[in-house]
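The structure under discussion appears below in the form of structure tokens.
Residue numbers (this note's numbering): 3 to 382.
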């Protein structure tokens, strides 16, 4: 029996009387009811992992967006999730960008085809959080993730990352470049490409940040990176084609600035096409960044969305990242607790020094600078 909290001696006496008779106590029910998946900030809130799995399986579907199968092992991750839980994964617009994911959340809000989950560059994740598009959610291993790799309100959390690198077709390029300064040489005319546009794609945005660090810029000042690409363009070296595996194999983009996990994977993928793809991390502009995971605040399949986050953060999901050379955010924690696949981890290139990361304010400022200044500095 629960007694209401009315004011006055009568209510107090009634409660005391009920307690004396063994009928109950004053206040609310002792056990809180589980939250609905759409409001759950953790698996515990819905009654635990088993309950979350049941509810996700009842939904039967997960909508993802812009996940390339070869990017950070997403093909294996989507297949693994579907097989483990019996949930259909529908991946829309695999060649899309971070900005397009955010646009789709807004465009399809309240519709069954809206993305349930997002994979975003950190600057885009922060923008989505500021626009109140993301649902707070803490995975089981949330506390093990370094503070610099997650939102303080748990609206997004990093899952994997890498370093900006330079990939080069050694069969088409006589001497492969190893620095941003090298890329300005006349011998690389029309060869240097990015993956996407810096205004909309996290990989290309990171390339601009790395170029800034190589040319007197800082986390507080990305403009030198924009100026560098304007100079690269003026020299005739900048190639506007998207540096995909197909473009590389066809000889359209002999040099590509992109994440090391993509360039390293290209080296394996292109062997069959006779391409000798060499990869180096530029010593004059070493820049590391991670990609964030987030749940759409208005996800049409909220339980499946949260279960996906748990899967990506599990040892199984984190080790799968290593298959395609991406660095899992929980790698240090897994090395300590013995769940890391050390054979896969040993394949990653060694990088000197401890990586540093821009703050949220610095990323927001850099993103706005690129959005404003890139289109005029390096017109499409």
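Backbone N, C-alpha and C define an ideal beta-carbon position, used for all residues, glycine too.
Simplified DSSP assignment, three categories, for residue i
| i | result |
| --- | --- |
| residue 296 | strand |
| residue 291 | strand |
| residue 181 | coil |
| residue 158 | coil |
| residue 227 | helix |
| residue 330 | strand |
| residue 311 | helix |
| residue 120 | strand |
| residue 99 | coil |
| residue 363 | helix |
| residue 241 | strand |
| residue 137 | strand |
| residue 112 | coil |
| residue 13 | Note that residue 13 scores a pLDDT of 36, beneath 50, so its modelled location is shaky and nothing firm can be said. |
| residue 7 | Here the model assigns residue 7 a pLDDT of 32, short of 50, so the residue's position is not dependable and the matter cannot be decided. |
| residue 382 | coil |
| residue 82 | helix |
| residue 125 | helix |
| residue 164 | strand |
| residue 75 | coil |
| residue 246 | coil |
| residue 106 | helix |
| residue 24 | In this prediction, residue 24 has a pLDDT of 37, which is less than 50 and means its spatial position is unreliable; nothing more can be read from the coordinates. |
| residue 31 | Residue placement at residue 31 is poorly supported in this model, since its pLDDT is 41, which falls under 50; the coordinates still yield a value, given next. Three-state DSSP puts residue 31 in coil, outside helix and strand. |
| residue 234 | helix |
Proximity to residue i [Cα-Cα], best of the options
| i | options | result |
| --- | --- | --- |
| residue 321 | 159, 347, 81, 67 | 347 |
| residue 115 | 136, 93, 97 | 93 |
| residue 366 | 52, 133, 107, 283 | 133 |
| residue 215 | 290, 82, 129, 317 | 290 |
| residue 254 | 243, 142, 86, 326 | 243 |
| residue 330 | 103, 371, 148, 241 | 148 |
| residue 318 | 128, 161, 73, 65 | 161 |
| residue 136 | 142, 144, 122, 143 | 122 |
| residue 368 | 95, 66, 128 | 128 |
| residue 234 | 50, 186, 303, 163 | 186 |
| residue 265 | 359, 213, 212, 350 | 350 |
| residue 374 | 357, 207, 269 | 207 |
| residue 72 | 364, 312, 263, 361 | 263 |
| residue 268 | 328, 229, 46, 209 | 328 |
| residue 292 | 96, 342, 358, 225 | 358 |
| residue 241 | 382, 337, 157 | 382 |
| residue 95 | 66, 360, 158, 302 | 66 |
| residue 56 | 166, 303, 361 | 303 |
| residue 163 | 333, 340, 43 | 333 |
| residue 341 | 324, 98, 354 | 324 |
| residue 371 | 77, 70, 125, 88 | 125 |
| residue 376 | 210, 48, 217 | 210 |
Bridge partners - residue i, DSSP secondary structure assignment
| i | result |
| --- | --- |
| residue 258 | 169, 195 |
| residue 264 | BP columns for residue 264 are empty, so no partner. |
| residue 90 | 63 |
| residue 279 | 171 |
| residue 152 | 159 |
| residue 274 | In the DSSP output, where bridge partners are listed per residue, residue 274 has none listed. |
| residue 319 | Residue 319 is not bridged to any residue. |
| residue 220 | 223 |
| residue 44 | 140 |
Residue i and residue j closer than 7 Å at C-beta
| i | j | result |
| --- | --- | --- |
| residue 54 | residue 314 | no |
| residue 146 | residue 335 | yes |
| residue 227 | residue 238 | no |
| residue 380 | residue 231 | yes |
| residue 196 | residue 118 | no |
| residue 326 | residue 84 | no |
| residue 103 | residue 120 | yes |
| residue 384 | residue 61 | This structure does not reach residue 384, given that the chain is present from 3 up to 382, and the question cannot be answered. |
| residue 251 | residue 275 | yes |
| residue 182 | residue 364 | no |
| residue 1 | residue 311 | Since the first residue of the chain shown is 3 and the last is 382, residue 1 is not available in this structure. |
| residue 213 | residue 287 | yes |
| residue 190 | residue 43 | no |
Proximity test, residue i beta-carbon vs the ligand SAH heavy atom, cut-off 6 Å
| i | result |
| --- | --- |
| residue 301 | Absence of the ligand SAH is noted for the structure shown, with no ligands found whatsoever. |
Closer than 8 Å is the cut-off here; do at least three beta carbon pairs connect the stretch 153-171 with the stretch 256-276? Yes: at least three Cβ pairs fall under 8 Å.
Is the number of C-beta pairs between the stretch 144-156 and the stretch 196-206 that are closer than 8 Å three or more? Taking one beta carbon from each stretch, the stretch 144-156 and the stretch 196-206 have fewer than 3 pairs nearer than 8 Å; the two do not touch.
Below 8 Å, how does it come out for the stretch 267-284 and the stretch 100-113: are there three or more Cβ pairs, yes or no? Too few Cβ pairs lie closer than 8 Å, so no.
With three or more beta-carbon pairs closer than 8 Å as the criterion, would you say the stretch 288-307 touches the stretch 246-253? Contact fails: fewer than three Cβ-Cβ distances are below 8 Å.
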